[in-house]
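Notes to accompany the following structure.
Protein chains: 2
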Amino acid sequence: MSFKTRFTEAFGIEYPIVQGGMQWVGKAELVAAVANAGALGLITALTLPTPEALVKEIARTREMTDKSFGVNLTILPTITPPPYAEYRQAIIECGIKIVETAGHKPQEHVDHFKQHGIKVIHKCTAVRHALSAERMGVDAISIDGFECAGHPGDDDVPGLVLIPVTANKIKVPILASGGFGDGRGLVAALALGADGINMGTRFCATKEAPIHEAFKQQMIKNDERQTDLIFRTLHNTARVMRNVVSQKVVAIERQGGATFDDVRELVAGKRGANAMANGDVDGGIWTAGMIQGLIEDIPTVKELIDRIIDDARSIINARLAAMSRG
Amino acid sequence: MSFKTRFTEAFGIEYPIVQGGMQWVGKAELVAAVANAGALGLITALTLPTPEALVKEIARTREMTDKSFGVNLTILPTITPPPYAEYRQAIIECGIKIVETAGHKPQEHVDHFKQHGIKVIHKCTAVRHALSAERMGVDAISIDGFECAGHPGDDDVPGLVLIPVTANKIKVPILASGGFGDGRGLVAALALGADGINMGTRFCATKEAPIHEAFKQQMIKNDERQTDLIFRTLHNTARVMRNVVSQKVVAIERQGGATFDDVRELVAGKRGANAMANGDVDGGIWTAGMIQGLIEDIPTVKELIDRIIDDARSIINARLAAMSRG
């Protein structure tokens, strides 16, 4: 039985749950599992080294699922940017029908996607950016609260306030992002005015996520306080899993600000990539959100999604209905 | 028609809404209005200059309502503490049946209140403190998220995560506090595992709140970003309404930390008290939470509470029920 919201209707999916763009994680195995379980999975374009590799990853995903899935394209301001227009063209030529954009100045990309009949979800961290994206013609907004892994922005407004404020001002369907991982969170988001939830960290702690088991076990061990906000002094705030490296960055930043050079040695390059492959939790900087405090197992994606939907139905039709009857 | 939760049952109130302790604001007019509207109002003990004045304020409240109400007693570590034991004795002798404690080392107070058959709600900002209070024998926990006005602690965990984490570990009824002001928030809190909500800032923006109209209008003007976290460098973090004074404190703290002497001149003393009476919004430091972003009017307390309950019922029985039917 489906779970119907404005988002599921507009995007043609069964459940109002999205597996958001995640560097290194949003690949065929996870995306296909999410699609097969009735939710929306997104391949993270820049996880593939070239547009040609993205085309192959899309084909590989299609071998694993007949259901619809999408692609995330994150536009970051860098000195030597990836060939965004070529990635975009690969997405269009592959016949992908749903794209999540994130990052700076998406207008050109949104225009191209819309011209090809692609539905666009734009992910952002503030209501003023959501309004701007809505004016660009996007089909849905994914609004990212202070709780989220990755880049929460600098306003530090959590979902409890950010979601209803967004719902007051935005007309297109809204995905709530940051701090979600179970049926309780899904119902809370829908009550606050969202039409679905986006999950990142929680999907990393599933059997299908292409991540070393050591990281998954660390997410179970960590409580809700085991994250750090880093790079705020660089105006590029990121919420990451707390570990030896993140704590070193925090210490540098406390001493009156950091430069990219200060932290590059600690966080970048082959050491981190090797550490990821080897399951060395203290060998780099790893994105993870506060929802770690609610992760207690490593289910399959289907088990996770079924549990969220079952719990949400039970909360609505038993717990909340009984309360409201007085 | 009542709205029934474990909290309303245990504390004998009609609706799962609490008007939390608020310095200068938690006085007879507001508390009686909240009680008459079916929610739980709390007189803030230390707003009264002496235990004798508290006894008079309780009597004054009883002239305005036949319903039950409570008293907040906040224990802060200060060099010259107020006579807490005398305030406590006044509360007991007045026959008050519900007390909210907050602050450091409440054990002695909890013991006395419990010996006199008084139900105790303990307000705290972290799960480990909630567990400690539960072991002391309190009857409910009020858990305060990062969004809240006043003292959010230093863990910076918002309600979306803090409430379900608390619900996983605490057996007594839970009030969710911080970021609540409407029916959407009430349903979200109940979905996340709470048994009711505590509101502070939203009750300040009601007709009965004993606050100069200029502050109420400022809360309508402010959006969700118009708060500052101050005194973090003093290990006494407070979320306050953003204004000229709070921004000066933030600037001092950015320059490598502040001392109490640095900020005392900016925030304390008669200037602030006069400013409050005169409605000078930039004349002191004023507590206010992020929920300002959702405050759009100054209703009576009864209008506010009726609206929250009506909206909550509608969200549960129309919006969420329809979604879950698929």
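First to last, the protein sequences are chains Y and U. Numbering follows this note's numbering, with no gaps: position 212 of the first sequence is 212. Numbering follows this note's numbering, with no gaps: position 253 of the second sequence is 253. A virtual CB, placed ideally from N, CA and C, is assigned to each residue, including glycine. Owing to the predicted nature of the structure, the values given are computational and were not obtained by experimental measurement.
Item, Value
"Tell me where the beta strand (DSSP E) around T338/U begins and ends.", "Residue 338/U cannot be examined here, being either before or after the span of chain U that is shown, 1 to 326."
"With the cut-off set at 8 Å, would you say G185/Y and D310/Y are in Cβ contact?", "no"
"Return helix, strand or coil for A321/Y, following the three-state DSSP convention.", "helix"
"With a threshold of 8 Å between beta-carbons, can T5/U be considered close to chain Y, or not?", "yes"
"Note down the Cα distance separating I220/U from A205/U, rounded to an integer number of angstroms.", "8 Å"
"Quick one, are the C-beta atoms of V165/U and G159/Y less than 8 Å apart?", "no"
"Apart from the five residues just before and just after G41/Y, which ones in its own chain have a Cβ nearer than 6 Å to its Cβ?", "Q19, V31, V34, A35 and F69"
"With 16 other CB atoms within 10 Å as the buried threshold, where does N168/U fall?", "exposed"
"Mind checking D195/U: buried by the 16 CB within 10 Å criterion, or exposed?", "buried"
"For G289/U versus R242/U, is the C-beta distance shorter than 8 Å?", "no"
"Using a Cβ cut-off of 7 Å, pull out every chain U residue sitting near M290/Y, in sequence order please.", "V157 and V161"
"Quick check on H122/U: does DSSP put it in helix, strand or coil?", "strand"
"Less than 8 Å between C-beta atoms, sequence neighbours within five positions excluded: which residues of the same chain meet that for R307/Y?", "D182, G183 and P299"
"In chain order, what residues of the same chain have a beta carbon less than 8 Å from the beta carbon of T237/U, not counting five sequence neighbours either side?", "H151, P152, G153, D154, L229, I230 and F231"
"For a test of the three-state rule: what should DSSP assign to I141/Y, helix, strand or coil?", "strand"
"Whose Cβ in chain Y lies nearer than 7 Å to the Cβ of V165/U?", "E224, G293 and L294"
"If you draw a straight line from the C-alpha of E14/U to the C-alpha of A322/Y, how long is it?", "15 Å"
"According to DSSP, is A209/U helix, strand or coil?", "coil"
"Could you check what DSSP says for G287/Y in three-state terms: helix, strand or coil?", "The sequence given here has Thr at residue 287/Y, not Gly. DSSP places T287/Y in strand when its eight states are reduced to three."
"Does K270/U pass the burial test, meaning 16 or more other C-beta atoms within 10 Å, or should it be called exposed?", "Here K270/U scores only 47 on pLDDT, less than 50, and its place in the model is too uncertain to base an answer on."
"For my contact list, A312/Y and V187/Y are in at a C-beta cut-off of 8 Å; report their separation, rounded to the angstrom.", "5 Å"
"Need the endpoints of the alpha helix (DSSP H) that V249/Y sits in, please.", "V244 to R254"
"Output needed in chain order: residues of the region 169–188 of chain Y with a Cβ under 8 Å from some Cβ in chain U.", "G178, G179, F180, D182, R184, G185, V187 and A188"
"If you reduce the DSSP assignment to three classes, tell me which class T8/Y lands in.", "helix"
"Look up N72/Y in the DSSP assignment and say whether it is helix, strand or coil.", "strand"
"Could you give the distance in angstroms between the alpha-carbon of H129/Y and the alpha-carbon of E86/U?", "53 Å"
"Report the partner residues of M199/U according to the DSSP bridge assignment.", "Q19/U"
"Listed in chain order, which residues of the region 217–247 of chain Y have Cβ atoms closer than 7 Å to some Cβ of chain U?", "E224 and R225"
"Terminal residues of the continuous beta strand (DSSP E) containing I91/U?", "Per DSSP, I91/U belongs to no beta strand (DSSP E); it is in the alpha helix (DSSP H), Y84 to E93."
"Under 8 Å between the Cβ atoms of I98/U and H116/U?", "no"
"So with CB distances below 8 Å, who are the chain Y contacts of S324/U?", "F3, A312, R313, I316 and N317"
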